[in-house]
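Enquirer: The sequence shown begins at 5 in the working numbering and counts up one residue at a time.
Beta carbons: idealized from backbone N, C-alpha and C, even for Gly.
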Amino acid sequence: MLKVLLERRSIRKYKEKKVEEEKIKQILAAGKVAPSGKNKKPWEFVVIENKEILKKLSMVKPKGGLFLAESPTCIAVVGNEEISDTWVEDCSIASTFIQLEACNQGLGSCWVQMKNRFTKDGGDAEEIVKEILEISDNKRVLCIISIGYPDQKIFAYKEENYL
Ligand SMILES: Cc1cc2nc3c(=O)[nH]c(=O)nc-3n(C[C@H](O)[C@H](O)[C@H](O)COP(=O)(O)O)c2cc1C
Numbered sequence: 005m006l007k008v009l010l011e012r013r014s015i016r017k018y019k020e021k022k023v024e025e026e027k028i029k030q031i032l033a034a035g036k037v038a039p040s041g042k043n044k045k046p047w048e049f050v051v052i053e054n055k056e057i058l059k060k061l062s063m064v065k066p067k068g069g070l071f072l073a074e075s076p077t078c079i080a081v082v083g084n085e086e087i088s089d090t091w092v093e094d095c096s097i098a099s100t101f102i103q104l105e106a107c108n109q110g111l112g113s114c115w116v117q118m119k120n121r122f123t124k125d126g127g128d129a130e131e132i133v134k135e136i137l138e139i140s141d142n143k144r145v146l147c148i149i150s151i152g153y154p155d156q157k158i159f160a161y162k163e164e165n166y167l
């Protein structure tokens, strides 16, 4: 099996160290080469490094995303349902490619779901994220992927975990 498939784990605690621009470029490139229905690539990847914006994003959901505030870099995976009816599938694969390349670059990452998730008052988390990131109405936000140098150790999967 590819080593990166076993080594990728969800990392939710990061060192303060900034992620180098070249690494972000490679990670975005991985998202862009993901397969998509009819090759429509109905995605946009929004890179967020502004601390104030990250703080706002971290508070959208009551749990499961608090660590976004302390993540050096995040990538919002945005889909366009007007371009493709397989945008969820396409953006999910792109998100996975992004996470695998982050691991390949020696970085940790975690998928934070926004589609079909709710604020503490029962509001639509995705809509709040769209407001914060100024994303237009015709677009959708599947998830936000946090990325950074790991500050926690999680074991790589071993044969006993999947055989
Ligand atoms: C569709 C999807 C949604 C997820 N949403 C969240 C989330 O909102 N917050 C979070 O901390 N982790 C989230 N995760 C990460 C999972 O919890 C994690 O992948 C799972 O526990 C397995 O651990 P591993 O990634 O280390 O193999 C999500 C993963 C997927 C694929």
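#1: Out of Ser150, Ile139, Gln30, point me to the one whose CA is closest to valine 82's CA.
#2: According to DSSP, which residues form a beta bridge with glycine 112?
#3: What's the C-alpha gap between serine 14 and glutamate 56?
#4: State the start and end residues of the unbroken alpha helix (DSSP H) segment that holds asparagine 165.
#5: Closer than 6 Å by C-beta to lysine 21: which residues in its own chain qualify, once you throw out the five before and the five after it? Chain order, please.
#6: Classify isoleucine 52 as helix, strand or coil using the three-state DSSP reduction.
#7: Buried or exposed for tyrosine 18, please, with buried defined as at least 16 other CB atoms from any protein chain shown within 10 angstroms of its CB.
#8: Give me the residue from Glu11, Lys134, Val50 with the minimum Cα distance to serine 150.
#9: Could you check the C-alpha separation between lysine 134 and alanine 80 for me, to the nearest Å?
#10: Considering glycine 83, what are the terminal residues of the beta strand (DSSP E) in which it resides?
Expert: Well, looking at it:
#1: Ile139
#2: DSSP lists Gly152 as partners of glycine 112.
#3: Inter-residue distance for serine 14 and glutamate 56 is about 23 Å (C-alpha atoms, whole angstroms).
#4: 163 to 166
#5: Tyr153
#6: strand
#7: Buried: at least 16 other Cβ atoms inside 10 Å.
#8: It is Val50 whose Cα lies nearest to the Cα of serine 150.
#9: 10 Å
#10: Element bounds for glycine 83: 77 to 84.
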